[in-house]
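*Asks:* Structure in structure tokens, see below.
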Amino acid sequence: MTDPAGADDLREAAQPGAGEVTATVIVDAPAERVFAALLAWERQSDWIPFTRVRVVEGDGREGSRIEAVTALGRATLRDEMRVVRVDEPYEIGVVHHGQLLRGPGVLRCTQLGRDRTQVVWHEWFHLPGGRAGRLAWPVLWPGSKLGLTQALKRFARLVEQGRLP
4 MTDPAGADDL REAAQPGAGE VTATVIVDAP AERVFAALLA WERQSDWIPF
54 TRVRVVEGDG REGSRIEAVT ALGRATLRDE MRVVRVDEPY EIGVVHHGQL
104 LRGPGVLRCT QLGRDRTQVV WHEWFHLPGG RAGRLAWPVL WPGSKLGLTQ
154 ALKRFARLVE QGRLP
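Residues in the sequence shown are numbered consecutively from 4, following the working numbering.
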């Protein structure tokens with residue numbers, strides 16, 4: 004980001020929020036292959052339901068801007084992210100900096116064996132709506148956790164079948 008206000012906004016969004024959610028899956032594939040599949044941003048549309056992902060700026064690596072648009076009927080959620088860290092083949096760090104979704108996230112790969120990798124997807128969202136948002140989080144959290152877990156299971160199947168990246 005070139006303007007100081009944008010840089011300040013990204014720094015603020017990078018602070019962990021109170022809405023924390025984590026999902027984990029084991030993939031029967033080497034970490035390098037799993038990591039390459041995670042970096043294939045546009046292919047996330049294959050494993051995250053109702054979502055189209057595209058690289059808006061850059062090559063998908065550190066410094067790149069990513070946009071994910073989830074649409075269900077008339078409802079649309081636009082998620083803007085900046086890739087802030089790529090430590091291949093271990094970790095991808097992003098900062099969600101849109102109007103609604105804000106906060107840091109990380110995708111981690113841990114090699115468990117030659118052809119077995121654990122993937123951890125962790126998000127720390129800023130909760131919109133002030134106190135009402137914080138009170139609603141315990142009700143919303145199970146759906147968020149279930150959604151991330153199901154997406155990662157779909158991701159694992161596609162990698163194991165050789166359909167990703």
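We treat Cβ as the ideally placed atom computed from N, Cα and C, and that holds for glycine.
Can you give the Cα-Cα distance for Ala43 and Leu115, rounded to whole angstroms?
*Replies:* Whole-angstrom Cα-Cα distance: 22 Å.
*Asks:* What is the rounded straight-line gap between the Cα of Val122 and the Cα of Asp12?
*Replies:* Rounded to whole angstroms, Val122 to Asp12 spans 29 Å at the Cα level.
*Asks:* In the DSSP assignment, find the unbroken beta strand (DSSP E) run with Ala34 in it and report its ends.
*Replies:* Segment Ala34 to Leu42 is the alpha helix (DSSP H) holding Ala34; no beta strand (DSSP E) there.
*Asks:* Would you mind sorting Arg85 into buried or exposed? The rule is 16 or more other CB atoms within 10 Å of its CB.
*Replies:* Buried, by the Cβ-count rule.
*Asks:* Can you look up Ala21 in the DSSP assignment and give me helix, strand or coil?
*Replies:* Looking at Ala21 - three-state DSSP - the assignment turns out to be coil, as it is neither helix nor strand.
*Asks:* Opposite Pro52 in the DSSP bridges: which residues?
*Replies:* None, per the DSSP bridge assignment.
*Asks:* For Glu60, which residues in the same chain have their Cβ closer than 7 Å to its Cβ, ignoring the five residues on either side in sequence?
*Replies:* If we look at Glu60 and ignore the five residues flanking it on each side, its Cβ neighbours are Ser67 and Arg68.
*Asks:* Whole angstroms are fine: how far does the CA of Gly76 sit from the CA of Arg111?
*Replies:* Going from the Cα of Arg111 to the Cα of Gly76 covers about 32 Å.
*Asks:* Grouping DSSP H, G and I as helix and E and B as strand, with all else coil, what is Gln47?
*Replies:* In the structure shown, Gln47 sits in a helix (DSSP, three-state: H, G or I).
*Asks:* Assign Asp11 to one of three DSSP states: helix, strand, or coil.
*Replies:* Residue state, collapsed to three classes: helix.
*Asks:* Do you know whose CA, among Phe53, Val28 and Val109, lies nearest Arg160's CA?
*Replies:* Selected option, being the one with the closest Cα: Val28.
*Asks:* Got a sec, what are the start and stop residues for the beta strand (DSSP E) His125 sits in?
*Replies:* Arg119 to Phe128 is the extent of the beta strand (DSSP E) around His125.
*Asks:* Ignore the nearest five residues each way along the sequence and tell me which others in Glu45's own chain have a CB closer than 8 Å to its CB.
*Replies:* Val56, Arg57 and Val58.
*Asks:* If you follow the beta strand (DSSP E) that Arg111 is in, where does it begin and where does it stop?
*Replies:* Taken as a continuous stretch (DSSP letters only), the beta strand (DSSP E) holding Arg111 covers Arg105 to Gly116.
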